[in-house]
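Read through the structure below, which is laid out as structure tokens, and then see the notes.
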Amino acid sequence: MPFSSSQASLVLFLFLLLVLSINFTSPLPLATNGRWIVDAATGRRMKLACVNWASHLEPMLAEGLDKKPLGGIVAEIRRLRFNCVRLTWATYMFTQPGHGDQPVEETLDSLGLAEAKGGVARNNPLVLNMTHVEAYAAVVDELGKQGVMVVLDNHVSKPKWCCAYDDGNGFFGDEYFDPEEWLRGLVAVAEHFNGKSQVVGMSVRNELRGPRQNEYDWYQYIRTAATKVHQANPNVLVILSGLNWASDLGFLRKRPVGLSLGRKLVYEAHWYSFSGDRKIWEVQPVDRVCANAVQRMEDQAGFLSSGPGAVPLFLGEFGFDQTGKSQADDRFLSCFMGYAAGKDLDWALWALQGSYYYRQGVVGPEETFGVLDFNWDGLRNPKFKERFQLVQTMIQDPSSNSPMSYIMYHPQSGLCIRANNNHEIGTAECQHWSRWIHYRDGSPIRLMGTPLCLKALGDGLPPVLSNDCSSRRSAWRSISNSKLHVAATDEHGNRLCLEKKSNESSVILTRKCICVDDDSGCTENPQGQWFKFVPTNT
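The sequence shown maps to residues -21 to -1, 1 to 517 in mature numbering (1 follows the signal peptide of the UniProt record, and there is no 0).
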């Protein structure tokens, strides 16, 4: 008997629902291939664009469940184009009585968090009667249901805020950091989530630090942990970070970790404006500070993702004050975005949460580094999606046969230089970038597929696309310590740098280059002139 149109529509709807459910629940183990993280089954690259979601503080509960329903929070994560969550946990949740096995309601009562308890009762009433392990698993399940990958991050041992130098949680043998208990916790978590295909990785420990830290113990315990996690759950990526708040893996240059994990080993680094002296971003020439910060990152961690024997590097934490009130963070972020886009790194932003139930003795504090606002109603930074659009995209595909070209990326705005159908250029969102060819410093910047190249006309004037590709005004090079200034030279030898006219304008001009000669007295902000040649083959 033939279907009616309404019956056919219902069948189609049910079929699509089945397909979607298969996509959310089908196995998705990841593996490594050189410096890339890939789908283990197909070999296709899988870029991780993650956000950190804290669940390791004293309430031992994913933040925000007092503000919004769990499903709504995960839907917002997807809407913001994160494909992954780095979900933190404390060792004691899985090793000590009175922690993971205690009902959420009892813990909130013991901390005097009546308002948070009321919010959870309104938005996620079933959570109150769950144990902390059950509530944590419910978050993992909801992420999987909505197609979001999960990296489980062992953030601390004792549930509390992280990460003071001597807080007892920093290194093996510290007051709260018993190595054997930590290993038991890792195995318990690896086994608990074995079979959850959305759990694609485990970060074995967050930000090792403190007066006890040393390389000998790092090799001893990290090797043991990686092996035990891999044995307990062979599907997950095993993610290892180094010393000094996860900023330093430089010791691996002289002595590799010596693990064989079947293409599951990934390294992790963290980078903030305060990974060093935060003040220098405000008082020293920004271009020099950026160049030094990038070199330090390369020396201590970035080297792992290049050259012979390259392995994936996951920037498991970076972040910035999303209120826009920190000049240091604003300058750091432009520098970071140029670096991350240029290498097309996998990363996890700190943080999703706009608030906490309880942090450092304070009830209900705000998180200014949070993507979401205090009430979890919307973005703290209205430019967030525009700023992060390119770095959330897979820019390099190791499986692609397309020729390599460049995106001309403006890190301060998150926008890309594009040519329209009339061959006029300006900045625009990076969803559909123009492809540029630039063979070497001093050569033309050509619009791919055309005979046209970029030509500077003069100080304060927009550059144009021209057939004249042999003049000095069409010869471009990356200059300054940061290599983020892109300059041509006029007939008088004056260097003219590309510059975005203003925050509100899409117009590109050429102007006298700012702070490119490492002048220690230069106090101008060069970010408007920072452009990055980002290689792409997608």
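Ideal Cβ positions, reconstructed from N, Cα and C, are used throughout, including at glycine. Predicted model only: the values in this text are computed from it and were never measured.
The residue from 476, 72 and 393 with its alpha-carbon nearest to that of residue 483 is 393. Three or more beta-carbon pairs drawn from the region 259 to 273 and the region 455 to 473 are found closer than 8 Å, and the two stretches are therefore classed as touching. The Cβ-Cβ distance between residue 329 and residue 353 does not fall below 7 Å. Along the length of the region 269 to 307, whole beta strand (DSSP E) runs at least 3 residues long occupy 292 to 297, reported in chain order. Within the same chain, Cβ atoms closer than 7 Å to the Cβ of residue 298 are found at 251, 328, 329, 330 and 348, the five residues on either side in sequence being excluded. Looking at the DSSP output, residue 384 shares a beta bridge with 515. Going by C-alpha positions, residue 364 is about 15 Å away from residue 54.
Of 433, 239 and 491, the smallest CA-CA separation from residue 10 is found for 239. For the options 149, 210, 155 and 403, the alpha carbon positioned closest to that of residue 192 is the one of 149. The beta-bridge partner set that DSSP reports for residue 29 consists of 63 and 327. Nearest in C-alpha terms to residue 134, of all of 125, 99 and 70, is 70.
Taking 7 Å as the cut-off, the beta carbon of residue 430 is found no closer than this to the beta carbon of residue 453. By alpha-carbon distance to residue 257, the top candidate from 218, 246, 269 and 493 is 269. Looking at the backbone, the Cα of residue 156 and that of residue 61 are separated by about 32 Å. The C-alpha of residue 146 is placed about 11 Å away from the C-alpha of residue 138. Proximity of the region 18 to 31 to the region 39 to 55 falls short of the contact definition, fewer than three beta-carbon pairs being nearer than 8 Å. By the Cβ test, the region 108 to 118 is not in contact with the region 88 to 97, since fewer than three Cβ pairs between them sit closer than 8 Å. Judged by beta-carbon spacing, residue 369 lies within the 7 Å limit of residue 409, meaning their Cβ atoms are closer than that value. Look at residue 338 here: in three-state DSSP terms it is strand. Within the DSSP bridge table, the entry for residue 488 names 478 as partners.
Around the beta carbon of residue 278, a 10 Å sphere encloses fewer than 16 other beta carbons of the protein chains shown; the residue is thus reported as exposed. Listed as beta-bridge partners of residue 181 by DSSP are 131 and 217. In the structure shown, residue 74 adopts helical secondary structure according to DSSP, grouped into three states. Between the beta-carbon of residue 326 and that of residue 293 there is about 7 Å, and that keeps the pair under the 8 Å contact cut. Looking from the CA of residue 441, the closest CA among 303, 404, 289 and 385 belongs to 404. Only residues of its own chain outside the window of five on either side were considered, and among them 182, 218, 219, 220, 225, 293 and 295 have a CB closer than 7 Å to the CB of residue 247, listed in chain order. Taken in chain order, the unbroken stretches of beta strand (DSSP E) that lie wholly in the region 198 to 269 and span 3 residues or more are 216 to 220 and 244 to 250.
Around the beta-carbon of residue 34, 16 or more other beta-carbon atoms lie within 10 Å, marking it buried. Residue environment: residue 471 is assigned as exposed (fewer than 16 neighbouring CB atoms within 10 Å of its CB, all protein chains considered). Straight across, the Cα-Cα distance linking residue 319 with residue 511 is about 11 Å.
Judged by DSSP in its simplified three-state form, residue 108 adopts helix.
Looking at the DSSP output, residue 82 bridges to 110. Under DSSP, residue 432 takes part in a beta bridge, and its partners are 425 and 445. Per DSSP, the beta bridge partners of residue 416 are 425.
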